[in-house]
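Here the structure comes first, spelled out in structure tokens, and everything after it is commentary.
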Amino acid sequence: MVNQGGGGPVAVAQIPTSFGHELRACLRCRLVKTYDQFRESGCENCPFFQMEDDHERVVDCTTPNFTGLISVMDPTRSWAARWLRIGKFAPGCYTLAVSEALNPDLQNICEEEHVPYVPPKRV
1 MVNQGGGGPV AVAQIPTSFG HELRACLRCR LVKTYDQFRE SGCENCPFFQ MEDDHERVVD
61 CTTPNFTGLI SVMDPTRSWA ARWLRIGKFA PGCYTLAVSE ALNPDLQNIC EEEHVPYVPP
121 KRV
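Encoded structure:
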């Protein structure tokens, strides 16, 4: 937890423990972590996907196919975070773009949870 700008503590996403081929990005929020990190603790921005200890869910909700990487320490004050539309997410490492869309079942979960999902521009 980090205290940002006098407000309450903010959850911080795990930083990838490795920067090799095991990196994956969440298809909804574009948070980047290793496969093992997603399997162990899920996605800090998308807990409703319940990825913890669920291999199939991690594979369905994340992708190894993404472009670029940005580290964001204070999303609420970062122009880059606002530009990437991640300004309301936890501080952490994010991709600039994913190349796959969430499957329709997972898009329905987003809708049921009243959380926005914006598919990638080019799929």
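Per the UniProt record's numbering, the sequence shown starts with residue 1, numbered consecutively.
We treat Cβ as the ideally placed atom computed from N, Cα and C, and that holds for glycine.
The structure presented is a predicted model; accordingly, all values stated were derived computationally and were not measured.
Asked: Residues near H55 by beta carbon distance below 7 Å, same chain, minus five either side; Found: R39
Asked: Inter-stretch contact (C-beta, 8 Å, three-pair minimum) for the segment 90-99 and the segment 61-73; Found: yes
Asked: Bridge partner(s) assigned by DSSP for I86; Found: Its beta-bridge partners do not exist; DSSP assigns none.
Asked: 3 or more residues per run - each beta strand (DSSP E) lying fully within the segment 10-64; Found: 23-26 and 32-34
Asked: M73 burial status per 10 Å Cβ neighbour count (16 or more: buried); Found: exposed
Asked: Distance, W83 Cα to M1 Cα; Found: In this prediction, M1 scores a pLDDT of 43, lower than 50, which makes its location untrustworthy; the coordinate-derived value is nonetheless stated afterwards. Straight-line Cα distance between these residues: approximately 24 Å.
Asked: Buried versus exposed call for V58 [16 or more other C-beta atoms within 10 Å across all chains shown]; Found: buried
Asked: Supposed close pair Y117, L31 - CB separation, criterion 8 Å; Found: Contact flag wrong, Cβ pair sits at about 14 Å.
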